[in-house]
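Structure first, commentary second.
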Amino acid sequence: MSDAVFEQVREHLAGVAHEAAVAHGVLALLVEPGRLLDVVRALKDQFGFDMFLDVTAVDWPEREPRFDVVWHFYSTRHFVRVRVKTRVPLADPTVDTLVTLYGSARYMERECHDMYGIVFRGNDDLRPILLYEGFEGHPLRKDYPKQKEQPLVPYRDVKP
Amino acid sequence: MSTQPSRPAPSGAFEYLTTKKDEFVGWARKFSLFPYPFVTACCAMEFMSVSSTLYDTDRFGAALPRFTPRQSDLLMVVGTVTHKQAPILKKVYEQMCEPKWVIAFGVCATSGGFYQNYAALPGIDKIIPVDLYIPGCPPRPEMVIDGIMKLQDRIARDRHPIINENF
Numbered sequence: 067m068s069d070a071v072f073e074q075v076r077e078h079l080a081g082v083a084h085e086a087a088v089a090h091g092v093l094a095l096l097v098e099p100g101r102l103l104d105v106v107r108a109l110k111d112q113f114g115f116d117m118f119l120d121v122t123a124v125d126w127p128e129r130e131p132r133f134d135v136v137w138h139f140y141s142t143r144h145f146v147r148v149r150v151k152t153r154v155p156l157a158d159p160t161v162d163t164l165v166t167l168y169g170s171a172r173y174m175e176r177e178c179h180d181m182y183g184i185v186f187r188g189n190d191d192l193r194p195i196l197l198y199e200g201f202e203g204h205p206l207r208k209d210y211p212k213q214k215e216q217p218l219v220p221y222r223d224v225k226p
Numbered sequence: 036m037s038t039q040p041s042r043p044a045p046s047g048a049f050e051y052l053t054t055k056k057d058e059f060v061g062w063a064r065k066f067s068l069f070p071y072p073f074v075t076a077c078c079a080m081e082f083m084s085v086s087s088t089l090y091d092t093d094r095f096g097a098a099l100p101r102f103t104p105r106q107s108d109l110l111m112v113v114g115t116v117t118h119k120q121a122p123i124l125k126k127v128y129e130q131m132c133e134p135k136w137v138i139a140f141g142v143c144a145t146s147g148g149f150y151q152n153y154a155a156l157p158g159i160d161k162i163i164p165v166d167l168y169i170p171g172c173p174p175r176p177e178m179v180i181d182g183i184m185k186l187q188d189r190i191a192r193d194r195h196p197i198i199n200e201n202f
């Protein structure tokens, strides 16, 4: 049954999605950042992908464009998942927000902005959610020094 | 002392009294620990296990948790403390009245454990003084009981100034 849905999605998005392969039982679509809203709207309105599961990013430091931004959706009508990916460069890591389609995207976009510095155009509240005010950098980027700390409380002066 | 005015300054007697006073107060305090559980992570499960009937920290007079730092004298930091949480821990510590003791429960509170990254505080002793470290991930209840007993020994041996620095 999931195959049938995937086939329909694939046909519908044939001109838009660069890649549309099924991996681990999930249909993975690669789209241009500019077509993201169209694709997600189609998935939501026509195929019943009405649950926003997550948005995250992948950092490929050697690659240009450097970041994958990855969304996961679930269809409560067909009981299948779909993964949407897009690529953005370091110079302008901006994608459109999905808050207009899924209210729950709001917090998860904040987290993604915390960790990878992806900017979600149209999300007016990108304050730190897991990190704190004053934290510099984005800790899940590969070029963030692994053990760099930014303590809020000054360390005690202890003699060993 | 006053019955024998010919003797020199009664320093020996004073010392004796002070020592006895410290012993007495230490004995009283060591069986009356009021822990404040600052519980942040999975060590909490082990903390519950050691507090409840099977291992029963009540036997050591350290059972009744106080959920305000103002009424407690033993701060038990149970679990990972992140940089974001560090100001809260510091504030809790500063709200406690003297005398107070701190136990770092588990390896994360002791040294950060296997978290060596942007998020975790590498040991709570970076921001507050710690009296006793209980390593382990999580520590066995026996280790916790051993730790509490060691802390009790230390409290019993400590000086307990009440009136001023010397007495």
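Here the protein sequences come in this chain order: X and S.
Heads up: take any position in the first sequence, counting from 1, add 66, and you land on our numbering.
Heads up: take any position in the second sequence, counting from 1, add 35, and you land on our numbering.
Cβ atoms here follow ideal geometry from the backbone N, Cα and C, with glycine treated the same way.
Would you say residue i reaches chain X, if we count a Cβ-Cβ gap shorter than 9 Å as a contact?
{"i": "Leu156/S", "result": "yes"}
{"i": "Asp160/S", "result": "yes"}
{"i": "Tyr168/S", "result": "no"}
{"i": "Pro18/S", "result": "Nothing in the structure corresponds to residue 18/S, since chain S is present only between 36 and 202."}
{"i": "Gln151/S", "result": "yes"}
{"i": "Ala121/S", "result": "yes"}
{"i": "Ile163/S", "result": "yes"}
{"i": "Ser67/S", "result": "no"}
Counting only beta-carbon separations shorter than 9 Å, does residue i have a partner in chain S?
{"i": "Arg222/X", "result": "yes"}
{"i": "Pro127/X", "result": "no"}
{"i": "Leu218/X", "result": "yes"}
{"i": "Leu197/X", "result": "yes"}
{"i": "Pro99/X", "result": "no"}
{"i": "Pro155/X", "result": "no"}
{"i": "Lys212/X", "result": "yes"}
{"i": "Asp134/X", "result": "no"}
{"i": "Glu77/X", "result": "no"}
{"i": "Glu215/X", "result": "yes"}
{"i": "Pro205/X", "result": "yes"}
Leaving out five residues on either side along the sequence, give the residues of the same chain with a beta carbon under 6 Å from the beta carbon of residue i.
{"i": "Ala98/S", "result": "Thr92"}
State the DSSP-derived secondary structure class of residue i, mapped to helix, strand or coil.
{"i": "Asp162/X", "result": "strand"}
{"i": "Asp104/X", "result": "helix"}
{"i": "Arg175/S", "result": "coil"}
{"i": "Ser37/S", "result": "Bear in mind that a pLDDT of 47 at Ser37/S, under 50, signals an unreliable position, so the number given afterwards is only what the model happens to contain. Correct three-state label for Ser37/S: coil."}
{"i": "Arg42/S", "result": "For Arg42/S, the pLDDT reaches just 49, beneath the cut-off of 50, and the residue's location in the model is therefore unreliable, although a value from the coordinates is still provided. Three-state DSSP puts Arg42/S in coil, outside helix and strand."}
{"i": "Pro217/X", "result": "coil"}
{"i": "Val82/X", "result": "coil"}
{"i": "Ala76/S", "result": "coil"}
{"i": "Arg94/S", "result": "helix"}
{"i": "Ala144/S", "result": "helix"}
{"i": "Asp160/S", "result": "helix"}
{"i": "Tyr128/S", "result": "helix"}
{"i": "Ile169/S", "result": "strand"}
Drop a sphere of 10 angstroms on the beta-carbon of residue i, count the other beta-carbons inside from all chains shown, and report buried for 16 or more, exposed for fewer.
{"i": "Tyr51/S", "result": "exposed"}
{"i": "Arg143/X", "result": "exposed"}
{"i": "Asp180/X", "result": "buried"}
{"i": "Leu89/S", "result": "exposed"}
{"i": "Cys143/S", "result": "buried"}
{"i": "Ser37/S", "result": "Any answer about Ser37/S is weak, because its pLDDT of 47 lies below 50 and its placement is not dependable; what the coordinates show is given next. Ser37/S comes out exposed."}
{"i": "Trp126/X", "result": "exposed"}
{"i": "Thr115/S", "result": "buried"}
{"i": "Val146/S", "result": "What sits at residue 146/S in the sequence shown is Ser, not Val. By the 10 Å Cβ count, Ser146/S comes out buried."}
{"i": "Pro217/X", "result": "exposed"}
{"i": "Lys208/X", "result": "exposed"}
{"i": "Leu86/S", "result": "Reading off the sequence, residue 86/S comes out as Ser, not Leu. Answer is buried; the Cβ neighbour count reaches 16."}
{"i": "Pro173/S", "result": "buried"}
{"i": "His90/X", "result": "exposed"}
{"i": "Gly148/S", "result": "buried"}
{"i": "Thr117/S", "result": "buried"}
Spatial neighbours of residue i within its chain, please: CB distance less than 7 Å, with the 5 preceding and 5 following residues excluded, ordered by chain position.
{"i": "Ser107/S", "result": "Phe69, Pro70, Tyr71, Arg101 and Met131"}
{"i": "Phe73/S", "result": "Leu110, Met111, Val112, Val113, Leu124 and Val127"}
Please go through the same chain and pick out, in chain order, the residues whose beta-carbon is closer than 8 Å to the beta-carbon of residue i, but skip the five residues on each side of it.
{"i": "Pro220/X", "result": "none"}
{"i": "Ile193/S", "result": "Here the sequence assigns Asp to residue 193/S, which means Ile is not the residue at that position. If we look at Asp193/S and ignore the five residues flanking it on each side, its Cβ neighbours are Asp57 and Gly61."}
{"i": "Pro176/S", "result": "Glu81, Ser84, Val85, Leu89 and Tyr90"}
message: Beta carbons nearer than 7 Å to chain S: which residues of the region 161–187 of chain X have them?
response: none
Residues within the region 116–143 of chain S neighbouring chain X, beta-carbon criterion of under 7 Å: His118, Lys119, Ala121, Pro122 and Lys125
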